[in-house]
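Have a look at the structure below before the remarks.
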Amino acid sequence: MFCHTISQRTLHRPFAPSRRRRGFTLVELLVVIAIIGVLVALLLPAVQAAREAARRSSCVNNLAQLGLAVHNYEFNRESLPAGTLNPDGPIRNESIGQHVSWIVQILPYIEQNNAYQAFDQEAGTYAPENMPVREVMIDVLICPSYPGVERVDETEIAQGTYAGCHHHEEAPIDVDNTGLLFLNSRVKYRDILDGSSQTLLVGEMFPDQERGLGWASGTRSTLRNASPFQQYFSSQRRLDAGLDALPTDSLFVGSFGSQHPGVVGFSFADGSTRHLTDDIDPAVLSQLGNRADGKLLKEL
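My numbering applies: residue 19 is where the sequence shown begins, and numbers increase by one.
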């Protein structure tokens, strides 16, 4: 038999004390939270700027596609589309009349040929048989900076955020306008005496949701002029020279405007796309809205 002898020293060896885990103190926790807050404050503007850059790029692409569609229309029809088709003028911003917009006319060139074939132009935009087409939402007609703007709240009419330039200053939409897209217009490139690179074709606008006219309507829903830009406020009200968001004058058209900070995007008659700053000289903007004023353009 073997005996294992445990020494007295071994028997009475004290256990090594366990190391206690030390947690965060309240001060340390507050410091960490403060650091995270500072990092978020530094990174959030950069993230927002990146998102805005992406939205602006997408908007420019929409403008380029619309400009190309108008060019393709001109190539096949030998003139630009009419800004609006209607027996007479001036055009009132009401759902009465033919009011076939230039967007309806270029539908085949923005991959919406089925909608074009289903739309009865002779019956007029507001005819019941055209309602299914008016309800079609078309991505290229919506700037991504306008979330939830696709439809009017009270109706199913689809909206757009781009408009053709009908005149160089505030005036009703009529046959004698100086822009490229106006009442029963058939402008040819040889008519653009000021140069296609210096003439506005299509630009951004604030959608007129309250009237429920939509992108198929050849009214201020799809046409604007080169008067000073409208500004957009967080209250969702547009103010331009003291006018409320929805002018009471049904002949009022209004200017272009944008959700993008400091700029408004445009497609020019030569197919190029550019941003004009909010503080552009009103005289220069007016010249850009006139296809043949014969004046020298000082700057752009």
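Just so it is clear, CB atoms sit at the ideal spot from N, CA and C, and this is done for glycine as well.
Using a Cβ-Cβ distance cut-off of 8 Å, the region 146-158 and the region 51-59 are not in contact, since fewer than three pairs of beta carbons, one from each stretch, lie closer than that value. Burial check for Q135: the Cβ neighbour count within 10 Å stays below 16, so the residue is exposed. In the DSSP annotation of this structure, V302 is not part of any beta strand (DSSP E); the continuous alpha helix (DSSP H) holding it starts and ends at P300 to L306. Note on V45: under 16 other CB atoms within 10 angstroms of its CB, so exposed under the neighbour-count rule. When C-alpha distances from S203 are compared across P225, N104, R292 and L62, the shortest belongs to N104.
As far as DSSP is concerned, N131 takes part in no beta bridge.
By the criterion of at least three beta-carbon pairs nearer than 8 Å, the region 206-221 is in contact with the region 274-285. Rounded to whole angstroms, A176 and L159 show a C-alpha spacing of 10 Å. In terms of Cβ geometry, G289 and P225 do not form a close pair [threshold 8 Å].
Under DSSP, the beta-bridge partners assigned to V118 are L103 and S235. In this structure S97 is exposed. Its beta-carbon is surrounded by fewer than 16 other beta-carbon atoms within 10 angstroms. DSSP places R152 inside the alpha helix (DSSP H), whose first and last residues are M149 to R152. In this structure, DSSP gives S76 a helical state, which the three-state scheme calls helix. In this structure, the alpha-carbon of S245 lies about 6 Å from that of S304.
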